[in-house]
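Below you'll find the structure, written out as structure tokens, and then a few comments.
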Amino acid sequence: MWQAENLALVALTFLVAGFVKGIVGLGLPTIVLGVLTTTYGITPAIAIMLVPSLVTNAIQGLGGQTSLAVLRRLWPLLLAAAVGIVVGAGVLARSSGSGPAVALGLLIMLHGCISLLGPRLPHPGPHERWLSPLAGLANGLITGFTGSAILPGMLYIQALGFDKERLVQAMGLLFGISTLVLMVAFARYELLTPDLALLSALALLPALLGLRLGARLRRRIAEERFRRLLYVVLIALGGAIVWRNIG
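Counting from 21, one number per residue, gives the positions in the sequence shown under my numbering.
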């Protein structure tokens with residue numbers, strides 16, 4: 021784990037993932053899991069991702085009164101997601117085959133395809149009261165099992181009709197709280213070893229550096245074209261994970 025080439029891979033991966041998040045507002049866990057799963061396996065990759073993901077999403081999700089208003093609306097989804105994460109991580113802890121990695125690869129591919137095609141769920145309207153916990157539970161189960169909190173939570177939150185600022189904060193709250201609960205669950209199931217925790221903490225520096233670079237260059241880059249390229253790369257990355265684990 022502490023070989024120079026592995027440390028260089030981790031640093032470069034978080035630098036790039038932070039850069040992408042600085043430009044488009046998401047993508048750090050997906051890129052990190054996609055790259056590091058092929059090197060370390062899915063459980064260590066999730067553990068290494070935890071600290072940088074938690075900190076960068078806290079930066080994104082915390083914003084005074086606006087974020088409190090978002091939190092008041094999303095708390096049923098977030099609470100159900102927390103329950104699902106604990107259950108999903110427990111299933112992951114008992115898994116010994118390639119199922120979680122294959123599921124992650126398929127999820128990354130699905131994320132890329134959905135983002136390219138741009139489908140939108142309809143506004144839940146009066147059904148939001150029961151759909152929010154259901155969407156949160158589903159998202160939590162998937163997060164606990166694969167480490168990825170992107171689907172179906174991203175699609176559901178987009179359907180709630182937030183303005184751009186609150187949408188960014190809502191995503192940050194979902195991803196940040198999901199990461200915090202996942203960290204606790206990994207510690208509870210003894211999946212977060214001291215070595216992995218230290219490596220995750222060290223990975224925060226390149227992640228923050230990449231985040232800062234991406235934020236500074238955001239206005240100079242054609243964001244829509246960059247997003248489309250990112251989604252194509254994610255599809256290829258997810259396919260590589262699936263192929264590696266079933267081939």
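Cβ atoms here follow ideal geometry from the backbone N, Cα and C, with glycine treated the same way.
Since this is a predicted model, take the numbers as computed values, not measurements.
Query                                                                                                : Result
V201 and I105 closer than 7 Å at C-beta                                                              : yes
Collapsed DSSP secondary structure at Q178 in the structure displayed                                : helix
Coarse secondary structure for G38, derived from DSSP in three states                                : helix
Candidates R264, Y251, V262, of which the one nearest L136 by Cα                                     : Y251
Cβ neighbours of L228 in the same chain (closer than 8 Å, five flanking residues each side left out) : G38, P72, V75, T76
A205 versus G160 - alpha carbon distance                                                             : 12 Å
Beta-carbon gap between L127 and P120 smaller than 7 Å                                               : no
Through-space distance from L216 to A207, alpha-carbon basis                                         : 11 Å
CB of T163 within 7 Å of CB of S115, strictly                                                        : no
Spatially closest choice to W95 from I43, V36, P153, by CA coordinates                               : P153
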